[in-house]
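Going by my numbering, the first residue of the sequence shown is number 115, and it counts up by one from there.
Only one structure is covered here, and it is reproduced in the block below.
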Amino acid sequence: MSAGAIALVLASAGEVARAQLPFLDNLPIFDIFSRPAKDEFPPSPLELLEADPLLPEFPMKRELSPTERDRLRLALDELNLQAAATLRAGKTLEAFALWNRELRLRRFLGLFEELPALGRVGELAWREGAVEETRVVTDRIKAIQAGQTGPKPVLPDEQPLPIPEDPALLEALGLAYYQVRAPKLALAVLEPRLLMARTADDPTGIEKYLVAIGQLRASLFEDAAAVDAYRELLAIERAKIAAGRWVAVPVPPGTEPTIPLHRQAEVRYARELVMLLNRSRQWDEAIAAQRDLLGVYQELGIMRLIPPLMSELAANFDRADRVEEAVLQYRETAAAARSIKQLGIAREALDRLATLYRSRPAFADKPDLLASLYISLLELAREAADGYGMMDTYEKLGDLFVSLNQRDRARIAYEQAAILAKQLQHRESYFARKLQDLGPAPTPFNQP
């Protein structure tokens, strides 16, 4: 039987089935008679499949003239503004439909105009939670990297994408991947770009790519690699500072010093280093980095930044089991914070020190240290007019005296807490029970 005859028989069979069993026409099995086969891999919405009035012809088989390029660029910039306004109006789907049209046409202006647009729209899609749009944009960036610009690029799932040799293309790809939050893809092109910058002895490029790589590694929680990047950045920045001829500008009287412009990058890198070392629980290295940053703050005279960092330094001494240094640092933190009226930081430092005293066996037989510390906390709370803080500290002091079987001193502390509770109208019955549990107060007649 010929192919035509077979087709005729199949068509006739379909018509007979419809005539005899019309109610079955709505069942999925009969879709084969009325519906075309669905494309398992439909083209991306970023592919131009039909004529667009912004293009001079379709399909485009020639390069645009300079005038046509300028005209198209202006039209696409306007389309971008229109899409942004549509998004602000809450019409997300319509906005990304406009941006997709822009992206379909941007490619006719070349890769170095298309890639920034892809990154911009991809970042907006990521921020808006448009997962499918973000994927579509990312796939287009990957296709550009792979050199596959047809309507249905075949991208390898497991094998790495080829690395272009053009430094400018590597940089553009890296930025676009960065914007669409594809850190591994971004690193795959930025690390070769960093190597090129090192080979060319390009200090500006080295710093730029190290910053991006440090941020990307940190976002992937690859802290060891991120630490290496920020340590190198810190060394680069300090070499620049040492080689520069900076003139110190005196701070006007009564003005709080700020981080000068030429030291801001140094401080930023040092802070990132501290954060990463803390996050990776490398306490001894974090302590060294904190001391280094503390020295910068002291050199610059920015007093308000010093006590909070001192407090975190003390906490790291505690975590590293360097107890004596932790005790000293907590006390120095409290004194420094109190001297500039950062009473919250001072209280936090003494609270942490109290926790250290209570939790470390070495201080179990030294209750006077804890009692003295609570007295200092009471003074701080009184200075800050913190009634709740005073009440809580009197309670802790009373609990300490109970544990030492010094019930008379405990009673005095609880009575002070009860007075504050009554003034604050808070936990009055609680402290009444505390006093009741101690038993009757001593009198001249019931004293032993």
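Virtual Cβ for every residue (Gly too), placed ideally from N, Cα, C.
1. Hey, would you say MET417 sits closer than 8 Å to ILE454, going by beta carbons?
2. Can you have a look at VAL268 and say buried or exposed, based on whether 16 or more other CB atoms are within 10 angstroms of its CB?
3. So MET424 is in the alpha helix (DSSP H); what residue range does that whole segment cover?
4. Could you check the C-alpha separation between ILE146 and GLU228 for me, to the nearest Å?
5. Shortest alpha-carbon distance to LEU514 belongs to which of GLN537, ARG436, ALA485?
6. Quick one: using the 10 Å Cβ neighbour count with 16 as the cut-off for buried, is ALA428 buried or exposed?
7. Alpha carbon to alpha carbon, how far is ALA384 from LEU287?
8. How would you call PHE545, buried or exposed, if buried means at least 16 neighbouring beta carbons within 10 angstroms?
9. Whose C-alpha, out of VAL303, TYR292, ASP500, GLN293, is nearest the C-alpha of LEU284?
10. Shortest alpha-carbon distance to ALA476 belongs to which of ARG176, ARG436, MET505?
11. Are there 16 or more other CB atoms within 10 angstroms of the CB of ASN392, so buried, or fewer, so exposed?
12. Helix or strand or just coil, what does DSSP make of THR372?
13. Please confirm whether GLU351 and ALA326 have their CB atoms less than 8 Å apart.
14. Can you tell me where the alpha helix (DSSP H) with GLY563 in it begins and where it stops?
15. In three-state terms, what does DSSP make of ILE327?
16. Just to confirm the assignment, what range does the alpha helix (DSSP H) spanning PHE226 have?
17. Do you know offhand how far ALA260's Cα is from LYS175's?
18. Since TYR344 and LEU390 should fall inside the 8 Å C-beta cutoff, what is the C-beta to C-beta distance between them, to a whole number of angstroms?
19. Determine whether the beta carbon atoms of LEU470 and ALA440 lie at a separation below 8 Å.
From the atom records:
1. Your numbering for residue 417 matches position 303 in the sequence shown. Your numbering for residue 454 matches position 340 in the sequence shown. Against a cut-off of 8 Å, the Cβ pair of ILE454 and MET417 comes out as a contact.
2. Position 154 of the sequence shown, counting from 1, holds the residue named residue 268. Counting Cβ neighbours within 10 Å, VAL268 comes out exposed, since fewer than 16 surround it.
3. By one-based count along the sequence shown, residue 424 stands at place 310. Residues 420 to 433.
4. Within the sequence shown, the letter at position 32 stands for residue 146. Within the sequence shown, the letter at position 114 stands for residue 228. Reliability fails at ILE146, whose pLDDT of 41 lies under 50, so the model's placement of it is uncertain and the value that follows must be treated cautiously. Looking at the two C-alpha atoms, the distance is approximately 41 Å.
5. Position 400 of the sequence shown, counting from 1, holds the residue named residue 514. Of GLN537, ARG436, ALA485, the residue nearest in Cα terms is ALA485.
6. As a working note, residue 428 is residue 314 in the sequence shown. Under this definition ALA428 is a buried residue.
7. Taking the sequence shown and counting its residues from 1, the one referred to as residue 384 is at position 270. Taking the sequence shown and counting its residues from 1, the one referred to as residue 287 is at position 173. If you take the alpha carbons of ALA384 and LEU287, they lie about 28 Å apart.
8. Here residue 545 corresponds to residue number 431 of the sequence shown, with the count starting at 1. Classification of PHE545: buried, given that the 10 Å Cβ count is 16 or more.
9. Locating residue 284 in the sequence shown gives position 170, where the first residue counts as 1. Answer by Cα proximity: VAL303.
10. Translated into the one-based positions of the sequence shown, residue 476 becomes position 362. Nearest of ARG176, ARG436, MET505 to ALA476, Cα basis: ARG436.
11. Residue numbering aside, residue 392 sits at position 278 when the sequence shown is read from its first letter. ASN392 comes out buried.
12. By one-based count along the sequence shown, residue 372 stands at place 258. It is coil, neither helix nor strand.
13. For the purposes of this step, residue 351 is taken as the residue at position 237 of the sequence shown. For the purposes of this step, residue 326 is taken as the residue at position 212 of the sequence shown. No, they are not a contact pair.
14. For residue 563 there is no data in the structure shown, the boundaries of the chain being 115 and 562.
15. Here the question's residue 327 lines up with position 213 in the sequence shown. Correct three-state label for ILE327: helix.
16. For this step, residue 226 is matched to residue 112 along the sequence shown. From DSSP, the alpha helix (DSSP H) with PHE226 extends over 225 to 241.
17. Within the sequence shown, residue 260 is the residue found at index 146, counting from 1. Within the sequence shown, residue 175 is the residue found at index 61, counting from 1. One C-alpha to the other measures close to 22 Å.
18. Counting from one through the sequence shown, the residue named residue 344 turns up at place 230. Counting from one through the sequence shown, the residue named residue 390 turns up at place 276. Correct: roughly 7 Å between the Cβ atoms.
19. The count along the sequence shown starts at 1 and reaches residue 470 at position 356. The count along the sequence shown starts at 1 and reaches residue 440 at position 326. Yes, these two residues count as a Cβ contact at 8 Å.
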